[in-house]
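Heads up, the working numbering is the position in the sequence shown plus 298, with the first residue counted as 1.
Each residue gets a CB set at the ideal place from its N, CA and C atoms; glycine is no exception.
Just so you know, these numbers come straight off a predicted model, no measurement behind them.
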Amino acid sequence: MAGIVAAEVRDVHCSVEGVEALRDVSLMVFKGEVTALLGHPEGEVLVNLWSGVLRPVAGAVASLGLDPYAERREVAGRIGYLPGEVWLPPELRPEVLAGLVGGGHGLAPRGAVERLKNILRRLGKEGVLGRRICGLSSEDRQALAVALTMLHDPELLLLSYPLRRLGPLARLELSSILREYVSPGRAVVLTVDSVEEAGFANRLILFREGRVVAAGPLLELSKTIGAENYVVIQALYTQRTVDYLGKMPQVKRFSVSRDGSIKVWLRDFESDMPVVLDLLMSLGLGVRLIGVERVDYHVALLNFLRGRGGGGR
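Right under this line is the structure:
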C-alpha cells in the first residue's frame, strides 16, 4: 500500500534548452520508498524540478507538499539534492567542507564531520579524509558528494546518477545505505542508467520520449518488459506439443526456434513450471527439458521500448 506522498508532479510539461523533456507527466513518489527513474533526460529533469532548479512550462510540482520553486528556501532545508555534475571546492579538505555544508543546515562542525566520516567509512572511502579535494579521484569525489548530500538527514533525497563513477563495492554499499535510509518519514529518488542499477529500489519508473511508459516494483516490471525466466524444451512431436501449449492456461506465450526447440513463458514461473512439464511429459510427445533461461534486461527493455514507439533516441 502506498505511503505518504513525498513528491509529485501533475500534468507537467517541461522544456530544457528549447527541447520538450516532459510531456503531460503525472506521478508520485512516496515516503518509505526508494524510487528509481530510468530515462534520459526525463529522470534528471524530474529531480531538478523537485529540487527547484527547474520550473515547469505547465503543470504543478510539489516536494514535501511545497512548491519547490516558489518556496525554495524552505524546501532546500528539507531535501538533499545531488546534481548530475557536481562541483566541489578543489582546495578544501572534506572535513572543512562538511563543516560548511552542515553549518548551513544548523549542524555543529564536529557533528557534521562525524556524520561524514560514518558515511564515507561505509563506502570504503575514509581514505579521502585529510586530503585536498583536488587530489581525489573522480570516484572519491562522487562518494564525497553523495555523503555531503546526506549530511543533514533530509526527508527527501534527490540524486542524479549517484552510482556513476563508483566502483562495484561502493555501489553495493551505497545501495544498502539508501535502502536503510528510507523510513515512513523519508524518501529517496535517484536516476539510474540501467534496470540492473535499480535492483535495490522499491519502485522503478521508465520514461520514453517525455512520457512514463511503465512503473512499478522491479519484479512486476520485469514481467511487463519481458525480462523473466522461460523454459526451453524439445519434443519428438513439435506441432502437437505446440497445439497443447496453446490450450494451457498457465502458458503466457511460446515460440519455436529454428532448431526445433520451444521457448515457453509462464504466467507464474515457480508454480506453473512443474505442472506444465508434468502434463506435457505424460502425453507421450517425447518432451524433454533443455533448461531454464532468462531474457537479458537490456534486450527486454529495448524490445519493450521499441514496441512502445519505434527506435531509440
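Residue i (DSSP reduced to helix, strand or coil)
{"i": "Tyr459", "result": "coil"}
{"i": "Leu534", "result": "coil"}
{"i": "Lys561", "result": "strand"}
{"i": "Gly425", "result": "helix"}
{"i": "Arg611", "result": "With a pLDDT of 36 at Arg611, under the threshold of 50, the modelled position of that residue is not reliable, and no figure is offered here."}
{"i": "Phe505", "result": "strand"}
{"i": "Ala525", "result": "coil"}
{"i": "Gly301", "result": "coil"}
{"i": "Arg430", "result": "coil"}
{"i": "Leu593", "result": "The sequence as given places Val at residue 593; Leu does not occur at that position. Looking at Val593 - three-state DSSP - the assignment turns out to be coil, as it is neither helix nor strand."}
{"i": "Leu331", "result": "Per the sequence presented here, residue 331 reads as Glu, with Leu not at that position. Coil at Glu331, not helix or strand."}
{"i": "Glu306", "result": "strand"}
{"i": "Gly514", "result": "strand"}
{"i": "Leu470", "result": "helix"}
{"i": "Leu464", "result": "coil"}
Start and end residues, alpha helix (DSSP H) containing residue i
{"i": "Asp322", "result": "From DSSP, Asp322 is part of no alpha helix (DSSP H) but of the beta strand (DSSP E) over 317 to 328."}
{"i": "Ala496", "result": "No alpha helix (DSSP H) contains Ala496, which DSSP labels as neither H nor E."}
{"i": "Ser481", "result": "No alpha helix (DSSP H) holds Ser481; DSSP gives it neither H nor E."}
{"i": "Leu442", "result": "436 to 447"}
Spatial distance of residue i from residue j (CA atoms)
{"i": "Ala410", "j": "Ser436", "result": "23 Å"}
{"i": "Arg586", "j": "Thr536", "result": "11 Å"}
{"i": "Ile302", "j": "Pro482", "result": "8 Å"}
{"i": "Val573", "j": "Leu603", "result": "32 Å"}
{"i": "Met579", "j": "Asp566", "result": "19 Å"}
{"i": "Val394", "j": "Gly422", "result": "20 Å"}
{"i": "Glu518", "j": "Glu389", "result": "47 Å"}
{"i": "Lys487", "j": "Asp438", "result": "The amino acid at residue 487 is misidentified as Lys; the sequence shows Val. In a straight line, the C-alpha of Val487 is about 22 Å away from that of Asp438."}
{"i": "Leu476", "j": "Ile417", "result": "11 Å"}
{"i": "Lys329", "j": "Leu470", "result": "22 Å"}
{"i": "Gly382", "j": "Ser474", "result": "21 Å"}
{"i": "Leu543", "j": "Ile531", "result": "12 Å"}
{"i": "Pro387", "j": "His450", "result": "19 Å"}
{"i": "Leu434", "j": "Val426", "result": "7 Å"}
{"i": "Pro547", "j": "Glu478", "result": "40 Å"}
{"i": "Asp309", "j": "Ala356", "result": "7 Å"}
{"i": "Val444", "j": "Val373", "result": "19 Å"}
{"i": "Val490", "j": "Lys561", "result": "31 Å"}
{"i": "Asn346", "j": "Leu352", "result": "5 Å"}
{"i": "Glu424", "j": "Gly402", "result": "23 Å"}
Element boundaries [beta strand (DSSP E), containing residue i]
{"i": "Ser361", "result": "356 to 361"}
{"i": "Leu352", "result": "Looking at the DSSP string, Leu352 is not in any beta strand (DSSP E), and its letter there is neither H nor E."}
{"i": "Val490", "result": "485 to 490"}
(message) Just to confirm the assignment: which complete alpha helix (DSSP H) runs, minimum length 4, are found wholly within the stretch 363 to 411?
(response) 370 to 374, 392 to 401
(message) Would you call the stretch 495 to 510 in contact with the stretch 535 to 555, where contact means no fewer than 3 C-beta pairs closer than 8 Å?
(response) no
(message) Measuring CB atoms only, is the stretch 519 to 533 touching the stretch 583 to 600, in the sense that at least three cross pairs come out at less than 8 Å?
(response) yes
(request) Enumerate, from N- to C-terminal direction, the unbroken alpha helix (DSSP H) stretches of 4 or more residues contained entirely within the stretch 542 to 591. (result) 567 to 580
(request) Please confirm if the stretch 488 to 497 is in contact with the stretch 336 to 343, defined as three or more CB-CB distances below 8 Å between the two stretches. (result) yes
(message) Within 8 Å, do at least three Cβ pairs link the stretch 372 to 381 to the stretch 447 to 458?
(response) yes
(request) Decide yes or no for the touch test of the stretch 368 to 375 against the stretch 406 to 420: beta carbon pairs closer than 8 Å, at least 3 of them. (result) no
(message) If contact is defined by three or more beta carbon pairs under 8 Å, each pair taking one atom from either stretch, is the stretch 312 to 326 in contact with the stretch 467 to 485?
(response) no
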